[in-house]
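> To start, I am sharing the structure in question, which I have written as structure tokens.
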Amino acid sequence: GEEVAQTPKHLVRGEGQKAKLYCAPIKGHSYVFWYQQVLKNEFKFLISFQNENVFDETGMPKERFSAKCLPNSPCSLEIQATKLEDSAVYFCASSRDRQETQYFGPGTRLLVL
Amino acid sequence: QKEVEQDPGPLSVPEGAIVSLNCTYSNSAFQYFMWYRQYSRKGPELLMYTYSSGNKEDGRFTAQVDKSSKYISLFIRDSQPSDSATYLCAMSGGSQGNLIFGKGTKLSVKP
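For the record, the sequence lines run as chains A and B.
Numbers 1 to 113, taken from the numbering used here, label the letters of the first sequence in order.
Numbers 1001 to 1111, taken from the numbering used here, label the letters of the second sequence in order.
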């Protein structure tokens, strides 16, 4: 597609439940990036993929967060056993190459109660 | 010290004013500089993309990068109420490609 698509738009989970977010990058883009935006507009980089391969996972809280980009499927970000502090908007971005323009999706707003 | 500093505002200007937004950074490895606009409850939308130092103009928007001072700016001419949004600077460098964002400046253009 011509835009980055993210689903769902909103997600509400009780503390300790699992959350799974999806991202379909722009067709032809090789790189996918996940960012977390918390209060006061703070963007935090989580993980990036080059096609199906993890490229950089230095931002991922490894204990509960995992992500995948499989061929012919949307990319996913999964949070096991959500905590209150995971409440944030999760953005996916894609780019043709890692230093080229990143185009952002509309985000998934996760609320953990 | 954060890697990228940006005054969060808010900044309020009358319609037609020239707006100046800026960011400073500390990492000399940054080479790619971007300005994104984010409307409330939406994803960031790219406005300007600049590589290394210099100026770039696109319509009412001008981006400037001064690597020697580690300072980047975005100017908006003839500002419109539709420009009311949060403006985020972002930058990257090295081999990783992930963006480091400023905190964003909230701009309000009053009719």
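We put the CB at the ideal spot given by N, CA and C, even for glycine.
Taking the C-alpha atoms as reference points, what is the distance between A:S94 and B:T1024?
Taking the straight line from one Cα to the other gives about 26 Å.
> Could you tell me whether the Cβ atoms of A:Q6 and A:S30 are closer together than 8 Å?
Going by C-beta atoms, A:Q6 is not nearer than 8 Å to A:S30.
> Within 10 angstroms of its Cβ, does B:D1058 collect 16 or more other Cβ (buried), or is it exposed?
By the 10 Å Cβ count, B:D1058 comes out exposed.
> Taking C-beta to C-beta, are B:Q1038 and B:L1088 nearer than 8 Å?
Taking 8 Å as the Cβ cut-off, B:Q1038 and B:L1088 qualify as a contacting pair.
> Using alpha carbons as the reference points, say which of A:S48, A:I26 and A:Q17 lies closest to A:L111.
Looking at the Cα atoms, A:Q17 is the closest of the given residues.
> Against B:T1086, what residues of chain A qualify as contacts under a CB-to-CB distance less than 9 Å, listed in chain order?
Within chain A, the residues near B:T1086 are N41.
> Between the C-alpha atoms of A:R98 and A:V4, what's the straight-line distance to the nearest angstrom?
Using only the alpha carbons, I get a separation of about 16 Å.
> Should B:D1108 be flagged as near chain A, meaning a C-beta pair shorter than 8 Å?
It should be pointed out that residue 1108 of chain B corresponds to Ser in this sequence rather than to Asp. False, the Cβ-Cβ gap to chain A never drops below 8 Å.
> On the criterion of 16 or more Cβ atoms from any shown chain inside 10 Å, does B:A1029 qualify as buried, or is it exposed?
Burial call: exposed.
> Determine the direct distance from the alpha carbon of B:T1062 to that of A:G107, and round the result to whole angstroms.
Going from the Cα of A:G107 to the Cα of B:T1062 covers about 27 Å.
> Just mark A:T82 as buried or exposed, buried being the case when its beta carbon has 16 or more other beta carbons within 10 Å.
It is buried - the Cβ of A:T82 has at least 16 other Cβ atoms within 10 Å.
> Are the CB atoms of B:S1069 and B:A1017 nearer to each other than 8 Å?
Cβ atoms of B:S1069 and B:A1017: not closer than 8 Å.
> Enumerated in chain order, which unbroken segments of the beta strand (DSSP E) with a length of 3 residues or greater are wholly contained in the region 13-83 of chain A?
For the region 13-83 of chain A, whole beta strand (DSSP E) runs of length 3 or above, ordered along the chain, are 19-24, 31-37, 43-50, 53-56, 65-68 and 75-79.
> Counting only C-beta atoms, is A:R96 closer than 8 Å to chain B at any point?
False, the Cβ-Cβ gap to chain B never drops below 8 Å.
> Bridge partners for B:S1020 per DSSP, in chain order?
DSSP output for B:S1020 lists B:F1075 as bridge partner(s).
> Kindly indicate if chain B contains any beta-carbon less than 8 Å away from that of A:Q102.
At least one chain B Cβ lies under 8 Å of A:Q102.
> Report the three-state DSSP secondary structure of B:S1125 (helix, strand or coil).
Nothing about residue 1125 of chain B can be read from this structure; chain B reaches only from 1001 to 1111.
> Among the residues of its own chain, which have a CB less than 6 Å from the CB of A:Y22, if the five just before and after it don't count?
Counting only Cβ-Cβ distances below 6 Å, and skipping sequence neighbours, we find T7, P74 and S76.
> Please report the straight-line C-alpha distance between A:S48 and B:N1027, rounded to a whole angstrom.
Rounded to the nearest angstrom, the two C-alpha atoms are 21 Å apart.
> By the three-class DSSP mapping on this structure, what secondary structure does A:E85 have?
Of the three classes helix, strand and coil, the one that applies to A:E85 here is helix, per DSSP.
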